[in-house]
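Convert by adding 850 to the 1-based position in the sequence shown; the result is the number in this note's numbering. For each residue, glycine too, the CB sits at the ideal point set by N, CA and C. Every value quoted in this text rests on a predicted model; they were computed, and no experiment measured them. Written out below as structure tokens is the structure these notes cover.
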Amino acid sequence: MTRAAKFRPILAIFTFVFGVYITPAHAVIIDNGMTTIDTASGLEWLDLTETVNRSYADVASQFGVGGELEGWRHATTSELNTLAANAGFPTPYDLQPVTTAFTDLIDMLGRTHDGTGVGGNPLVGIGAVGWFDDGASPTGTSHWRFFELDTGATIIAQILATTIDSTATTFTDVDTGNWLVRAAVSEPTVFLQFGFALLLIARLRLKSVG
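Have a look at this one:
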């Protein structure tokens, strides 16, 4: 078998992968264990359960070099709206029927609320709830929720934020985490890394038969 013939299968694989990944992709929300990756926005979301019962201020103090959450930051209103849209639930989203896809999204992002709210929290249901950067004053924050609300008569799906800047940044809640994001490895980057690996394998294979 000639060198060209040995190289041809690897080239075919490379071409196939290129065709799959270089084509404009639909938004895909990927469960990555303790994080969730939105391939359309290029953002990686930390599971809310990793920061549950911690205040906005406490978490933000760990973003710097050497901090527990170095490289992360609080998500903005715009980024949360984009996440909802890319997951297939564009806002405004309220009084909607509960679906398996919506429940799965809650579990993927991190279910922090399960049952009846604790303390002054009147909500009953399940949800992914977290503090976020609402763009208001630095002394207050708000929570954003992907939630299945039990009204007593029915259960509805909703994506809502509390009144902007309504809670002190030092406030903690056992049902609330923090919406944290960082730049994820993009699909083109993953593709290039895979492509280079294939080319390296091809080169080593050619050398071995040369």
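Across which residues does DSSP place Val979 in a beta bridge pair? According to DSSP, Val979 shares a beta bridge with Arg995.
How would you call Gly977, buried or exposed, if buried means at least 16 neighbouring beta carbons within 10 angstroms? buried
Just to confirm, are Gly883 and Arg1032 a CB contact at a threshold of 7 Å? no
Once you ignore the five residues that flank Ser1016 on each side, which residues in its own chain have a CB closer than 6 Å to its CB? Ser992
What is the residue span of the alpha helix (DSSP H) that Val909 lies within? Tyr906 to Ala910
Using beta carbons (cut-off 7 Å, strictly below), is Ile1009 in contact with chain D? Considering every chain present, this structure includes no chain D. It has just one protein chain.
What did DSSP end up calling Ala934 once you bin it into helix, strand or coil? Three-state DSSP puts Ala934 in a helix.
Of the residues Arg995, Leu896 and Trp1029, which one's Cα is nearest the Cα of His963? Arg995
Taking contact to mean at least 3 C-beta pairs separated by less than 8 Å, is the region 998 to 1005 in contact with the region 894 to 904? no
Alpha carbon to alpha carbon, what distance is there between Gly975 and Gln1008? Between Gln1008 and Gly975, the C-alpha separation is close to 11 Å.
Between the Cα of Ile1076 and those of Ala934, Leu1010 and Pro988, spot the shortest distance and give me the residue it belongs to. Missing from the structure shown is residue 1076; the chain here goes from 851 to 1060 and no further.
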